[in-house]
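Protein chains in written order, with my numbering: chain L, 20 to 411; chain D, 2 to 144.
Think of the CB as a built atom: it goes at the ideal place given N, C-alpha and C, for glycine as much as any other residue.
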């Protein structure tokens with residue numbers, strides 16, 4: 020284990036600005052315009068201008084081209100640009116890479132974005148006959164799943180998780196407790212797709228089966244048009260900026276071999292989310308804190324099984340105990356670990372993880388709609404990566 | 002999206018690393034990639050053996066027997082190529098270390114139990130390609 024000094028440059032960065040568009044079923048404008056709107060909002064929040072950006076980071080499945088983005092925004096010169104693999108699994112890793120860029124001096128001001136019209140222009144989560152988009156052509160489900168009817172992400176998640184249900188004797192109704200809490204959070208959140216629309220466990224159990232016996236409709240995030248952007252810079256610089264920045268206390272990225280988001284079927288024990296276990300170890304070491312220190316957790320919840328698996332990988336509870344943990348009330352605002360307090364991807368919007376970062380920042384600023392009193396440390400995980408943010 | 006016959010299975014995507022798998026199925030064989038050098042079996046197939054870095058990898062016929070690791074019935078949105086919601090399973094082959102995405106055919110969700118023994122069969126796609134699928138042993142006519 021590396022001994023970290025207080026001056027470790029990887030712990031000396033901040034999120035200086037957050038921005039987003041409205042979350043809707045039809046943005047009415049191009050994905051590039053949605054990206055620009057989200058980035059403008061983040062720049063305004065930080066008190067910066069487009070010309071200040073010298074690094075840009077996103078992750079696969081975003082359709083916006085980097086050159087087109089620079090051209091539209093009038094960004095004159097970028098010194099650092101990466102596009103991470105793994106789709107939404109790469110979302111938290113964008114911050115790790117932005118921090119690495121700033122810490123190394125490769126860039127000073129990095130914008131991270133996600134912007135899609137995944138509801139109005141196409142149906143991101145629907146069955147597909149042929150692979151769409153770059154870098155999706157050689158994924159497990161496109162080659163090996165499509166002829167067998169495994170054609171959309173929800174089914175992929177369910178197929179792996181069914182074994183967990185067998186092993187630990189849990190049911191879809193147990194998963195419903197996660198959704199009821201997250202929809203209660205979303206019901207208070209004016210940004211949320213499900214604002215003022217809480218559900219009961221009966222509602223959850225009456226929603227249609229997607230993949231029996233694992234997943235019902237309400238276990239799934241909903242395709243959303245919208246964008247989110249973040250500005251990462253040094254803490255030193257952030258102190259001089261307008262926005263209330265939060266410290267990036269630790270960040271991590273993990274990409275173990277033979278592991279793939281939602282279709283990690285080929286490891287010895289697919290019940291174990293090895294990428295999230297590695298990420299948890301790395302991010303807690305980097306930040307010098309443990310799971311018991313986290314005030315609010317944001318866990319990438321494209322589907323409820325991913326919440327279960329991350330709760331256990333991060334040791335917020337024991338193996339096989341995540342749903343008992345949830346049912347104990349632990350993820351409520353006054354519980355042991357308020358979870359996905361914006362409503363999550365299931366309740367607020369599916370902006371592939373970045374809208375969980377904005378919530379993690381708001382909790383530290385004290386401006387969340389479901390505010391955990393005195394929150395000082397928040398964690399966002401997308402399994403292949405995670406960040407721990409701290410109030411300055 | 003291209004036009005397709007809703008009740009006929011979609012063809013597998015063609016790639017240079019995987020076409021042989023479906024060609025073997027067309028001959029009535031469930032074959033898995035084996036490294037000629039170190040004899041490891043690999044799935045999904047890859048162009049290089051990750052154990053010994055050999056590029057001499059060939060199809061090796063399996064017995065076609067295995068057990069069900071996990072299973073679901075996908076009903077909504079309806080998968081393309083099926084009249085009825087398909088039973089999709091992960092099946093572990095008896096040779097060990099190989100897990101396949103497949104269908105359990107001629108069975109209901111209620112018939113399936115974890116670790117149930119299954120045996121390979123083959124079904125055709127819209128264009129006549131063959132896919133390995135599995136049947137519960139002792140049910141639906143498996144030998």
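Euclidean distance between Cα positions of residue i and residue j
i, j, result
"residue 208/L", "residue 202/L", "10 Å"
"residue 67/D", "residue 331/L", "30 Å"
"residue 86/D", "residue 99/D", "26 Å"
"residue 75/D", "residue 174/L", "7 Å"
"residue 154/L", "residue 105/L", "With a pLDDT of 46 at residue 154/L, under the threshold of 50, the modelled position of this residue cannot be trusted; read the value that follows with caution. Approximately 9 Å, taken between the alpha carbons."
"residue 152/L", "residue 135/D", "Residue placement at residue 152/L is poorly supported in this model, since its pLDDT is 49, which falls under 50; the coordinates are not used for a value here."
"residue 148/L", "residue 29/L", "43 Å"
"residue 82/D", "residue 42/D", "30 Å"
"residue 89/L", "residue 235/L", "41 Å"
"residue 170/L", "residue 123/L", "41 Å"
"residue 311/L", "residue 27/L", "23 Å"
"residue 314/L", "residue 60/L", "27 Å"
"residue 72/D", "residue 78/D", "17 Å"
"residue 179/L", "residue 119/D", "18 Å"
"residue 96/D", "residue 350/L", "43 Å"
"residue 286/L", "residue 278/L", "7 Å"
"residue 204/L", "residue 360/L", "6 Å"
"residue 63/D", "residue 56/D", "21 Å"
"residue 214/L", "residue 35/D", "54 Å"
"residue 154/D", "residue 18/D", "It is not possible to answer for residue 154/D, since the shown part of chain D is limited to 2 through 144."
"residue 34/L", "residue 377/L", "10 Å"
"residue 31/D", "residue 111/D", "27 Å"
"residue 36/L", "residue 261/L", "9 Å"
"residue 158/L", "residue 172/L", "11 Å"
"residue 188/L", "residue 90/D", "19 Å"
Interface residues of chain D facing residue i [CB-CB closer than 7 Å]
i, result
"residue 231/L", "73, 74, 76 and 110"
Partner residues on chain L for residue i, Cβ-Cβ distance less than 9 Å
i, result
"residue 60/D", "In chain order: nothing, as chain L lies at least about 16 Å away."
Neighbour flag for residue i against chain D, beta carbons, 7 Å
i, result
"residue 146/L", "yes"
"residue 227/L", "yes"
"residue 182/L", "yes"
"residue 185/L", "yes"
"residue 369/L", "no"
Beta carbon proximity, residue i to chain L, threshold 7 Å
i, result
"residue 124/D", "no"
"residue 105/D", "no"
"residue 33/D", "no"
"residue 190/D", "Look at the range of chain D in this structure, 2 to 144, and you will see that residue 190/D is not part of it."
"residue 132/D", "yes"
"residue 139/D", "no"
"residue 83/D", "yes"
"residue 129/D", "no"
"residue 80/D", "yes"
"residue 48/D", "no"
Partner residues on chain D for residue i, Cβ-Cβ distance less than 9 Å
i, result
"residue 179/L", "71 and 91"
Proximal chain L residues relative to residue i, where beta-carbon distance stays under 7 Å
i, result
"residue 10/D", "166"
"residue 19/D", "162"
"residue 118/D", "What residue 118/D touches in chain L: nothing, since even the nearest Cβ is about 16 Å away."
"residue 115/D", "185"
Chain D residues whose Cβ lies nearer than 8 Å to that of residue i
i, result
"residue 285/L", "44, 45 and 100"
### Query
When the Cβ atoms of the segment 52–68 of chain L are set against those of the segment 246–259 of chain L, are three or more pairs found closer than 8 Å?
yes
### Message
Along the segment 162–177 of chain L, where does the CB come closer than 8 Å to a CB of chain B? Name the residues.
### Response
Structure shown: chain B not included; protein chains present are L and D.
### Task
Would you check if there are 3 or more beta carbon pairs closer than 8 Å linking the segment 126–133 of chain D to the segment 12–27 of chain D?
Inter-segment contact for the segment 126–133 of chain D and the segment 12–27 of chain D is present: three or more beta-carbon pairs are separated by less than 8 Å.
### Message
So, does the segment 240–252 of chain L touch the segment 46–61 of chain L, judging by three or more C-beta pairs under 8 Å?
### Response
yes
### Message
Within 8 Å, do at least three Cβ pairs link the segment 338–346 of chain L to the segment 190–204 of chain L?
### Response
yes
### Message
Does the structure place the segment 361–376 of chain L close enough to the segment 220–231 of chain L that three or more beta carbon pairs sit under 8 Å?
### Response
Flag = no, the segment 220–231 of chain L and the segment 361–376 of chain L do not touch.
### Query
Would the segment 399–411 of chain L and the segment 291–299 of chain L be scored as touching if the rule is three or more Cβ pairs under 8 Å?
Yes, since at least three Cβ pairs between the segment 399–411 of chain L and the segment 291–299 of chain L fall closer than 8 Å, the two stretches touch.
### Query
Are the segment 270–281 of chain L and the segment 100–119 of chain L touching by the rule of at least three beta carbon pairs closer than 8 Å?
yes
### Task
Decide yes or no for the touch test of the segment 91–102 of chain L against the segment 323–330 of chain L: beta carbon pairs closer than 8 Å, at least 3 of them.
no
### Message
Pairs of beta-carbons, one from the segment 381–397 of chain L and one from the segment 125–144 of chain L, closer than 8 Å: are there three or more?
### Response
no
### Message
Using 8 Å as the cut-off, can you tell me whether the segment 295–309 of chain L makes contact with the segment 33–48 of chain D, which would need three or more C-beta pairs spanning the two stretches below that distance?
### Response
Contact between the segment 295–309 of chain L and the segment 33–48 of chain D is absent, because fewer than three Cβ pairs lie under 8 Å.
#### Entry: Ranges of the beta strand (DSSP E) found wholly within the segment 22–89 of chain L, counting only runs of at least 3
32–39 and 74–78
### Query
What runs of the alpha helix (DSSP H), each 4 residues or longer, lie entirely inside the segment 6–80 of chain D?
20–27
### Query
Where are the alpha helix (DSSP H) runs, 4 residues long or more, that stay fully inside the segment 219–285 of chain L, in chain order?
220–225 and 254–258
### Segment contact flag, the segment 157–166 of chain L with the segment 179–188 of chain L, C-beta cutoff 8 Å, min 3 pairs
no
### Task
Could you tell me which uninterrupted alpha helix (DSSP H) segments, each at least 4 residues in length, are contained entirely in the segment 286–311 of chain L, listed from first to last along the chain?
293–306
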